[in-house]
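S.K.:
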Amino acid sequence: MDLFSAMKGRRSCRHYLPEAISEDIIEKILEAGTWAPSPLNTQPWEFIVITNRDVREKIFHEANRCRVWALDISQWKWLDTYLIDFLKQAPVIIAVVGDPKKSGVDMFMEEGMVGYLSACSAAIQNMHLAAYAYGLGSLWFTLFDKKKLREILGIDEAKNPVALVCLGKKASEPAPLPRKSVKDKTRYIR
Ligand SMILES: Cc1cc2nc3c(=O)[nH]c(=O)nc-3n(C[C@H](O)[C@H](O)[C@H](O)COP(=O)(O)O)c2cc1C
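In the numbering used here, each residue's number is its place in the sequence shown (first place is 1) plus 3.
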């Protein structure tokens with residue numbers, strides 16, 4: 004598959020079919036994650052693959068609690084109609100957990116340990132592209148309380164659950180969202 008078509012064709016999927024995804028494919032997607040760059044090759048990520056229905060249900064309820072809280076605090080009306088049932092529909096949710104200590108030289112910098120977050124994000128994007136290559140839908144999801152998610156998934160408090168990646172067969176084709184032009188986003192220093 005042409006890489007540029009994958010980058011342009013991948014879209015956030017919020018409607019999934021309940022069909023299971025084979026462990027072989029899940030492992031290939033995880034392997035794609037591990038080929039991401041990281042500071043000093045620290046590979047600061049860990050993956051928790053959740054297919055258990057009860058655990059996915061718990062994640063849904065926790066995220067929904069967060070959605071209601073976010074609506075209240077932000078007064079962003081769209082949050083009222085933004086339904087997150089995809090957390091129950093997607094047959095696979097992968098939690099990407101980062102280790103802040105694996106940030107390379109960043110750990111001595113005034114602006115703090117961010118290297119591990121950048122590396123986890125690169126791994127997540129690789130996973131999205133791999134999912135696309137397998138014809139699957141995927142979503143980068145972050146609307147959760149980290150403390151609560153640590154409790155649900157048994158994550159050490161020193162580690163950061165960076166994102167949940169939903170995976171599954173698409174129930175519908177997501178509409179593409181436009182991008183601003185490169186020109187508007189770029190400044191050259193020649
Ligand atoms: C760091 C990050 C956090 C995100 N969190 C959420 C989220 O919590 N819920 C959600 O539905 N989409 C989430 N997204 C997906 C974005 O909404 C989506 O990428 C964006 O609207 C562009 O759409 P596209 O992915 O289809 O191009 C997140 C994306 C990123 C990179």
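Cβ coordinates follow ideal geometry from the N, Cα and C atoms, glycine included.
Going by alpha carbons, who is nearest to TRP48 out of LYS11, PRO181, LEU167 and ILE76?
M.R.: What you label residue 48 is simply residue 45 of the sequence shown in a count that begins at 1. Nearest C-alpha to TRP48: LEU167.
S.K.: When burial is assigned at 16 or more other CB atoms within 10 Å of the CB, is TYR19 buried or exposed?
M.R.: Here the question's residue 19 lines up with position 16 in the sequence shown. Buried: at least 16 other Cβ atoms inside 10 Å.
S.K.: Compare the Cα-Cα distances from SER8 to each of ARG56, LEU90 and LEU132 and report the closest residue.
M.R.: Working through the sequence shown from its first residue, we reach residue 8 at position 5. Closest option to SER8, Cα to Cα, is LEU132.
S.K.: Please find out if some non-hydrogen atom of ligand 1 comes closer than 8 Å to the beta-carbon of SER15.
M.R.: Here residue 15 corresponds to residue number 12 of the sequence shown, with the count starting at 1. At least one heavy atom of ligand 1 is nearer than 8 Å to the Cβ of SER15, so yes.
S.K.: What's the call for GLY182, buried or exposed, on a 16-neighbour Cβ count within 10 Å?
M.R.: Position 179 of the sequence shown, counted from the start, is the residue given in the question as residue 182. Note that residue 182 corresponds to Arg in the displayed sequence, not to Gly. Exposed, because fewer than 16 other Cβ atoms sit within 10 Å of the Cβ of ARG182.
S.K.: Run through DSSP, which three-state label would LYS105 get?
M.R.: Counted from its first residue, the sequence shown places residue 105 at position 102. LYS105: coil per DSSP, three-state reduction.
S.K.: Identify the residues that DSSP records as bridge partners of ALA98: which are they?
M.R.: Residue mapping note: residue 98 aligns to position 95 of the sequence shown, counting from 1. ILE51 and LEU167, per the DSSP bridge assignment.
S.K.: To the nearest whole angstrom, what separates the beta carbons of LEU82 and ALA73, a pair I think is in contact under 8 Å?
M.R.: Position 79 of the sequence shown, counted from the first residue, corresponds to residue 82. Position 70 of the sequence shown, counted from the first residue, corresponds to residue 73. Confirmed, Cβ separation roughly 6 Å.
S.K.: Helix, strand or coil: how does DSSP classify LYS80 here?
M.R.: Counted from its first residue, the sequence shown places residue 80 at position 77. Coil at LYS80, not helix or strand.
S.K.: My guess is that GLY195 and LEU120 are in contact by the Cβ rule of under 8 Å, so how many angstroms apart are they, rounded?
M.R.: With the chain represented from 4 up to 193, any question about residue 195 goes unanswered, as that position is not in the structure.
S.K.: So PHE111 is in the alpha helix (DSSP H); what residue range does that whole segment cover?
M.R.: As a working mapping, residue 111 is identified with position 108 in the sequence shown. Per DSSP, PHE111 belongs to no alpha helix (DSSP H) and is neither H nor E.
S.K.: Within a Cβ cutoff of 8 Å, which residues of the same chain sit near ARG70, ignoring the five residues on either side of it in sequence?
M.R.: Translated into the one-based positions of the sequence shown, residue 70 becomes position 67. Taken in chain order, the residues that qualify are LEU82, TYR85, ILE87 and LEU146.
S.K.: Which of the three DSSP states, helix, strand or coil, is assigned to GLY12?
M.R.: For the purposes of this step, residue 12 is identified with residue 9 of the sequence shown, where counting begins at 1. Residue state, collapsed to three classes: helix.
S.K.: My output table needs one value for SER141: the three-state DSSP class, helix, strand or coil.
M.R.: Walking along the sequence shown from the start, residue 141 turns up at place 138. Strand.
S.K.: At a cut-off of 8 Å, is TYR85 close to ligand 1 when judged by its beta-carbon and the heavy atoms of the ligand?
M.R.: For the purposes of this step, residue 85 is taken as the residue at position 82 of the sequence shown. It does: the Cβ of TYR85 is within 8 Å (strictly closer) of some heavy atom of ligand 1.
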